[in-house]
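Only one structure is covered here, and it is reproduced in the block below.
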Amino acid sequence: MPLTVPVLRVLEACRGQRTSGPLILRPLSGKPVDRRDVYRMVTRIAKASAIPRHISPHSLRHAAITNALDAGVPLRDAQILARHADPRTTEHYDRARGDLDRHGVHFLTAYVAGV
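Quick note: the sequence shown uses full-length UniProt numbering, first residue 1, plus one each step.
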């Protein structure tokens, strides 16, 4: 998956001077970050920003796909981005667009951007 320049900069900062091994490490233990760590990070930030609904990494994925569709990305390209085998799965995100403005991920994004 292509990375945007801002994402690449964050990942490079996480890597630091290391040239091999896992890209992102836990700060205290130095062990690789796993999916449970990511889940805990997202839910902790959501809670700290007083988001009234449950937010998970999948919520962020859902918002990214929906935002792509809102930005005019063709359904087939959004399907490839999402790595969906069936375009009907991606169409589900398109049907959810009416609720996008009220989605809690916007609160999370605003909080993270302000940190």
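Glycine residues also receive a C-beta, built at the ideal position from the N, C-alpha and C atoms.
Under 8 Å by Cβ, that's how I've got residue i and residue j pegged, so tell me the actual separation to the nearest angstrom.
i	j	result
Tyr23	Leu11	Before going further, note that residue 23 is Leu rather than Tyr in the sequence given. So it is a contact: roughly 6 Å between Cβ atoms.
Ile65	Ala78	6 Å
Given a threshold of 16 other Cβ atoms within 10 Å of its Cβ, counted over all protein chains shown, does residue i qualify as buried or as exposed?
i	result
Leu3	exposed
Ala71	exposed
Leu8	exposed
Val112	exposed
Thr90	buried
Val105	buried
Ala48	exposed
Ala46	buried
How many Å lie between residue i and residue j at the Cα?
i	j	result
Gln17	Thr43	29 Å
Asp34	Arg26	9 Å
Asp94	Leu108	21 Å
Leu69	Leu81	11 Å
Tyr76	Pro87	A quick correction: the sequence has Arg, not Tyr, at residue 76. Each residue's alpha carbon lies about 7 Å from the other.
Thr19	Gly114	31 Å
| Is there contact between the region 55 to 73 and the region 24 to 42, where contact requires at least three CB pairs shorter than 8 Å? | Touching, per the Cβ criterion.
| field | Runs of alpha helix (DSSP H) wholly within the UniProt domain "Tyr recombinase" (1 to 106) (minimum 4 residues, chain order) | value | 5 to 15, 35 to 48, 57 to 70, 75 to 82 and 87 to 95, all fully within the UniProt domain "Tyr recombinase" (1 to 106).
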